[in-house]
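Data block below; observations after.
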Amino acid sequence: MAVHRPDEGADALIGPTAAPDVHVMTFNIRRAADGMLHRRADRWSWRAPAVRQLLASEQPTLLGLQEALPSVMPLLREALGRDHRTIGSGRGTGGRGEGSPILYDATRLELRDWGQRALSDQPERAGSTGWGNLIPRILVWAEFAEPSLGARFLAINTHLDHLSASSRLRSAQSIRQLVAERGLPAVLTGDLNAGAGSTAVRALQAGGALVDIRDAAERKAGPRWGTYPGYRRPRVGGRQLDWIMTTRDVRVRTVAVNSRTPGGRRPSDHLPVQAVLRFGEDAA
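Plus 1100 on top of the position in the sequence shown (first one is 1) and you've got our numbering.
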């Protein structure tokens, strides 16, 4: 029997997609840092070429990033090309620091509206906390039009707290409420710091509000790797912290977890999750 192994090549797993398909990726790129206190695999100077090559080959139409510092954004935009735009700022006061931006191909998607909010009781106050998280947590949302099918949809990108289960639950409830309020087909990308069966994931999926793309996909491109191998070789059934979820009216054509190591380097301690989605068609 053939044994599935993580692909060591640099070729695209999905690559550019043509309309009306929308290639969506969620990717925690790991906060950029260098120096002797960080092992080589974790240093941004070591990982950056692999991140650039991965994004340049995959060319997602819509990319939700986590742990993105302002200093790395020029490299990411260069990798994706001049047609990609960025929305979202840092999670701290004044929009500083680590962010969870959305990058999108402006030749494929029309931005209609967007916003950023703190995951707290003061969502409009940048840098606010208060649900059990000691550091600010945010979401970035956007309403897009996909012109080829005349469809509009909601995209939400987030990075939930790594310590507080209470914060993750309250954040999940806030996201579900936002999806309900907007009343559009929706896609959620994010590092949820929570696995299947957790209270946060159950809250997002309560009442069928959102579904895991890996359960809804028509095609699975490669094994169901865990998304948090921590620079080690990924394994099937490993920890899943990184998610793409959609409402039931979104057609999920393909799903994949990207284990590529361009140049023999792991781009991050997380693996990107990717999907080919279609909005404006009956998902059934």
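Yeah, the Cβ is synthetic: ideal placement off N, Cα and C, and Gly gets one too.
Please read all numbers here as calculations on a predicted model, not as lab measurements.
A residue is called buried when at least 16 other Cβ atoms come within 10 angstroms of its Cβ; His1259 meets this threshold and is buried. Residue burial is scored here from C-beta neighbours: Gln1159 has at least 16 other C-beta atoms within 10 angstroms and is therefore classed as buried. Considering only Leu1371, Arg1378, Ala1375, the residue with the shortest C-alpha distance to Arg1147 is Leu1371. Here the alpha carbons of Met1173 and Ala1150 stand approximately 15 angstroms from one another.
Distance from the CA atom of Leu1263 to the CA atom of Ala1303, rounded to whole angstroms, is 18 angstroms. Looking only at Leu1249, Ile1256, Pro1236, the smallest Cα-Cα distance to Glu1243 is reached by Ile1256.
Note on Val1287: 16 or more other CB atoms within 10 angstroms of its CB, so buried under the neighbour-count rule.
The beta strand (DSSP E) runs of length 3 or more contained entirely in the segment 1141 to 1180 are, from start to end of the chain, 1162 to 1166. Inclusion of Leu1234 and Arg1217 in the CB contact set at 9 angstroms is not warranted, their separation being larger than that value. Rounded to whole angstroms, the gap between the alpha carbons of Ser1368 and Gly1330 is 8 angstroms. Counted as a single uninterrupted DSSP element, the alpha helix (DSSP H) harbouring Thr1299 occupies residues 1299 to 1305. DSSP places Gln1216 in the uninterrupted beta strand (DSSP E) bounded by 1210 to 1218. Proximity to Gly1135 across Asn1128, Trp1144, Ile1129 peaks at Trp1144, based on C-alpha coordinates. By DSSP's assignment, Trp1325 forms a beta bridge with Val1336. The Cβ atoms of Gly1164 and Thr1299 lie no closer than 9 angstroms to each other. The Cβ-Cβ distance between Val1311 and Ala1272 does not fall below 9 angstroms. Note that the segment 1315 to 1335 does not touch the segment 1264 to 1284; fewer than 3 beta-carbon pairs, one per stretch, sit closer than 8 angstroms.
Residues of the same chain with a CB within less than 6 angstroms of the CB of Pro1116, apart from the 5 flanking positions on each side, are Gln1159 in chain order.
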